[in-house]
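Step one of this worksheet: look at the structure below.
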Amino acid sequence: MLASGVVPAAVGGLGTEGDDVFTVKLDATGENYEVFEGSPAMGSPVLTWPTSGSGPLVLETLGGNDRVVVSLGLNLPETARGIAVHGGAGNNELVAVHGRPRIEAMDAVGGTLNASVGAGVQMTSNGFAAQSLTIGSGGSLIVAPNGGPGGLVVLEDLAMGQLSTLDLNDNDLVLNYEGGAPLEEMQSLILNGFIDGDNIAPRITSTVGRAAGDTYLVAVDNAGIGADEWLGVPLDPSHQQIIVKYTYFGDVNFDGQINAQDYVVVDNHFGGTAAWLNGDGNLDGVIDANDYVIIDNNFGKGVGDPLGGVEPVVASEGNAPLATELAGLAIASDEAPAERSAPDWSDALAVWGAQLEAEGTSRTGRGTRDRALLSFLGRG
Ligand SMILES: [Ca+2]
Ligand SMILES: [Ca+2]
Ligand SMILES: [Ca+2]
């Protein structure tokens with residue numbers, strides 16, 4: 013235990029303006045974080061910091077290309093404070109290699125940050141911005157629920173190993189891309205979130221959504237929305253982003269609520285090309301009456317309190333103005349929900365399950381070509 017008189021009032025200035033490497037470990041009792049220079053850790057800790065108490069252990073590594081390695085044992089107390097890493101300028105790395113670290117903040121103002129969650133490591137975080145996130149085989153990154161705007165994950169590259177998990181809970185994600193939009197890959201990762209059992213595919217999931225049953229994560233290409241910001245974070249005006257939003261099934265205009273506007277989108281694309289923004293609000297690959305049913309079932313949810321708390325962003329492209337809108341409402345209200353074929357949530361899951369099974373061969377093929385990672389790195 014650190015004597016109370018030795019605990020500094022604030023942690024900072026650990027780093028230099030040059031390139032620094034630190035390793036964060038736990039002591040044998042789990043009562044203290046220990047920060048060492050180097051990786052592997054060298055000598056005695058340069059900082060010892062109790063795991064109990066409020067506020068994170070803050071590591072500011074300042075300028076230079078810095079690397080922080082987090083290698084915790086499994087004895088981190090449930091109530092332990094987390095770790096905040098501020099990489100500053102330069103090309104910075106945060107690498108979690110062991111244990112179940114809680115990262116309360118990670119950023120690199122004026123620099124870049126590449127984050128890596130090692131094989132089998134379970135990291136929790138409160139959202140972050142990084143150039144890249146790599147999750148090794150069997151590793152997971154859980155973004156804590158109720159993150160609000162601060163829970164938004166912003167990335168340029170995402171690489172996930174076999175059986176790895178990114179659990180966004182009720183938080184959104186923005187993936188900036190160059191070249192072709194990796195929308196299908198992202199949707200595929202999200203559908204993988206419904207896999208249980210021994211399938212080795214990496215997955216993006218929402219534990220909160222799976223529990224709620226009427227919400228999940230939906231990926232769209234910002235080229236189809238044209239949002240200039242997301243949850244207060246400015247987006248590149250090229251609109252080359254995949255946006256993953258936690259929203260209601262049936263929220264096909266992507267505004268976090270289910271109202272008449274969502275019917276209009278289905279009307280305008282009925283029988284057409286299946287895409288969320290075209291009205292495929294149950295993600296079964298067709299735009300048909302079942303999409304009305306999903307909207308019926310969730311109608312009114314989020315109205316006045318939309319998920320994400322943002323103003324409506326879109327009427328999907330191709331939506332005609334008021335006349336069509338009114339016509340759409342008439343169509344939508346022609347038929348009482350009870351008279352429609354009424355697949356429920358479990359039907360949608362069954363359809364996805366069949367899709368996943370059908371895709372199993374190609375997935376395996378991809379796995380053979382690239383055993384280690386399904387990666388968006390190097391696209392474009
Ligand atoms: Ca730095
Ligand atoms: Ca909506
Ligand atoms: Ca559909």
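Per this note's numbering, the very first residue in the sequence shown carries number 13; after that it's consecutive. Quick reminder that beta carbons are idealized off the backbone N, C-alpha and C, glycines included.
- Task: Return the CA-CA distance between residue 121 and residue 260, expressed in angstroms with no decimal places.
- Result: By one-based count along the sequence shown, residue 121 stands at place 109. By one-based count along the sequence shown, residue 260 stands at place 248. Cα to Cα, residue 121 sits roughly 34 Å from residue 260.
- Message: Under DSSP, the beta strand (DSSP E) around residue 228 begins and ends at which residues?
- Response: Walking along the sequence shown from the start, residue 228 turns up at place 216. Element bounds for residue 228: 227 to 233.
- Task: Decide if the stretch 232 to 239 is in contact with the stretch 159 to 166; the criterion is three or more beta carbon pairs, one per stretch, under 8 Å apart.
- Result: no
- Grab the span of the beta strand (DSSP E) containing residue 285 for me, first residue to last. Along the sequence shown, read from residue 1 onward, the residue named residue 285 stands at position 273. Segment: none, residue 285 is in no beta strand (DSSP E) and carries neither H nor E.
- Query: What did DSSP end up calling residue 222 once you bin it into helix, strand or coil?
  - Reply: As a working mapping, residue 222 is identified with position 210 in the sequence shown. Correct three-state label for residue 222: helix.
- Tell me whether residue 275 sits in a helix, a strand or coil according to DSSP, three-state version. Residue 275 sits at position 263 when you count from the first residue of the sequence shown. If DSSP states are grouped into helix, strand and coil, residue 275 belongs with the helices.
- Excluding the five sequence neighbours on either side, which residues of its own chain have a C-beta within less than 6 Å of the C-beta of residue 193, listed in chain order? Taking the first residue of the sequence shown as position 1, residue 193 is located at position 181. The answer, listed in chain order, is 233.
- Query: residue 179 and residue 258: beta carbons closer than 7 Å?
  - Reply: One-based indexing of the sequence shown puts residue 179 at position 167. One-based indexing of the sequence shown puts residue 258 at position 246. Cβ atoms of residue 179 and residue 258: not closer than 7 Å.
- Message: Is residue 309 a contact residue of ligand 3, with contact defined as CB to any heavy atom under 6 Å?
- Response: The count along the sequence shown starts at 1 and reaches residue 309 at position 297. No, the beta carbon of residue 309 sits no closer than 6 Å to any heavy atom of ligand 3.
- Item | Residues near ligand 3, criterion Cβ-heavy atom distance below 7 Å | 286, 292, 293, 294, 295, 296, 297, 298, 299, 300, 302 and 303
- Message: For residue 32, which residues in the same chain have their Cβ closer than 7 Å to its Cβ, ignoring the five residues on either side in sequence?
- Response: Sequence index remark: in the sequence shown, residue 32 carries index 20 (1-based). The residues are 73, 76 and 78.
- Item | Own chain, CB closer than 6 Å to residue 59, minus 5 neighbours either side, in chain order | In the sequence shown, counting from the first residue as 1, residue 59 sits at position 47. Within the same chain, residue 59 has close Cβ partners 47.
- Limits of the unbroken beta strand (DSSP E) element including residue 145: Along the sequence shown, one-based indexing puts residue 145 at 133. Residue 145 -> beta strand (DSSP E) spans 141 to 147.
- Could you round the C-beta distance between residue 123 and residue 83 to whole angstroms and report it? I think they count as a contact, below 8 Å. On the sequence shown, position 111 is the one that residue 123 refers to. On the sequence shown, position 71 is the one that residue 83 refers to. At roughly 23 Å, the Cβ-Cβ gap does not stay under 8 Å, so residue 123 and residue 83 are not in contact.
- Terminal residues of the alpha helix (DSSP H) in which residue 303 lies: Here residue 303 corresponds to residue number 291 of the sequence shown, with the count starting at 1. 301 to 310 is the extent of the alpha helix (DSSP H) around residue 303.
- Item | Closest by C-alpha distance to residue 278, when choosing among 295, 266, 299 and 268 | The residue given as residue 278 occupies position 266 in the sequence shown. Answer by Cα proximity: 299.
- Taking just the CA atoms, how far does residue 247 sit from residue 186? Residue 186 sits at position 174 when you count from the first residue of the sequence shown. Residue 247 sits at position 235 when you count from the first residue of the sequence shown. Cα to Cα, residue 186 sits roughly 9 Å from residue 247.
- Task: Indicate, with yes or no, if ligand 1 has a heavy atom lying under 6 Å from the CB of residue 205.
- Result: Taking the first residue of the sequence shown as position 1, residue 205 is located at position 193. Answer for residue 205: no, Cβ out of range of ligand 1.
- Query: So what's residue 137 in DSSP terms, helix, strand or just coil?
  - Reply: Taking the first residue of the sequence shown as 1, we reach residue 137 at position 125. Strand at residue 137.
- Is residue 176 near residue 147, with beta carbons less than 7 Å apart? Here residue 176 refers to the residue found at position 164 when the sequence shown is read from its first residue. Here residue 147 refers to the residue found at position 135 when the sequence shown is read from its first residue. The answer is yes: Cβ separation under 7 Å.
- Item | In DSSP terms, what residue 250 is bridged to | Start at 1 with the first residue of the sequence shown, and residue 250 comes out as number 238. DSSP lists no bridge partner for residue 250.
- Query: For residue 181, is the beta carbon positioned less than 6 Å from some heavy atom of ligand 2?
  - Reply: Along the sequence shown, one-based indexing puts residue 181 at 169. Because no heavy atom of ligand 2 lies under 6 Å away, the Cβ of residue 181 does not count as near it: no.
- Query: Between the beta-carbon of residue 195 and the beta-carbon of residue 254, is there less than 7 Å?
  - Reply: Translated into positions along the sequence shown, residue 195 becomes position 183. Translated into positions along the sequence shown, residue 254 becomes position 242. Yes. Within cutoff.
- Task: Indicate the three-state DSSP secondary structure (helix, strand or coil) for residue 83 in the structure shown.
- Result: Numbered from its first residue, the sequence shown carries residue 83 at position 71. The answer is strand: DSSP assigns residue 83 an E or B state.
- For the candidate residues 42, 138 and 125, whose alpha-carbon lies nearest to that of residue 169? Your numbering for residue 169 matches position 157 in the sequence shown. Among 42, 138 and 125, the Cα nearest to that of residue 169 is on 125.
- Task: Going by DSSP, name the residue or residues bridged to residue 102.
- Result: For this step, residue 102 is matched to residue 90 along the sequence shown. Its beta-bridge partners are 123.
- Task: Counting only the same chain and skipping the five closest in sequence on each side, list residues whose C-beta sits under 8 Å from that of residue 91.
- Result: As a first step, residue 91 is located in the sequence shown; it is residue number 79 there, counting from the start. Cβ contact annotation for residue 91 (same chain, cutoff 8 Å, sequence separation greater than five): 64, in chain order.
- Message: Runs of 4 residues minimum, wholly inside the stretch 40 to 77: which ones carry the alpha helix (DSSP H) assignment?
- Response: none
- Query: How would the residue list near ligand 1 read, in chain order, if you kept each one whose beta-carbon is closer than 7 Å to any heavy atom?
  - Reply: The set, ordered by position in the chain, is 27, 73, 74, 75, 76, 77, 78, 99, 100, 101, 102, 104, 120 and 123.
- Query: Between residue 51 and the rest of its own chain, which residues show a CB-CB distance below 6 Å, the 5 nearest in sequence each way excluded?
  - Reply: The residue labelled residue 51 in the question sits at position 39 within the sequence shown. 33, 35 and 81, listed in sequence order.
- By how many angstroms is the C-alpha of residue 318 removed from the C-alpha of residue 294? In the sequence shown, residue 294 corresponds to position 282, counting from 1. In the sequence shown, residue 318 corresponds to position 306, counting from 1. For residue 294 and residue 318, the distance between alpha carbons rounds to 19 Å.
- Which value, in whole angstroms, describes the spacing of the CA atoms of residue 243 and residue 188? Translated into positions along the sequence shown, residue 243 becomes position 231. Translated into positions along the sequence shown, residue 188 becomes position 176. Between the alpha carbons of residue 243 and residue 188 lies a distance of about 15 Å.
- Task: Please classify residue 89: is it buried, with 16 or more other beta-carbons within 10 angstroms of its beta-carbon, or exposed?
- Result: In the sequence shown, the residue the question calls residue 89 occupies position 77. Result: exposed.
- Query: Does the count of Cβ pairs from the stretch 105 to 119 and the stretch 133 to 141 closer than 8 Å reach three?
  - Reply: yes
- Item | Own chain residues within Cβ distance below 6 Å of residue 465, not counting five before or after | Residue coverage of the chain in this structure runs from 13 to 392, which leaves residue 465 outside it and unanswerable.
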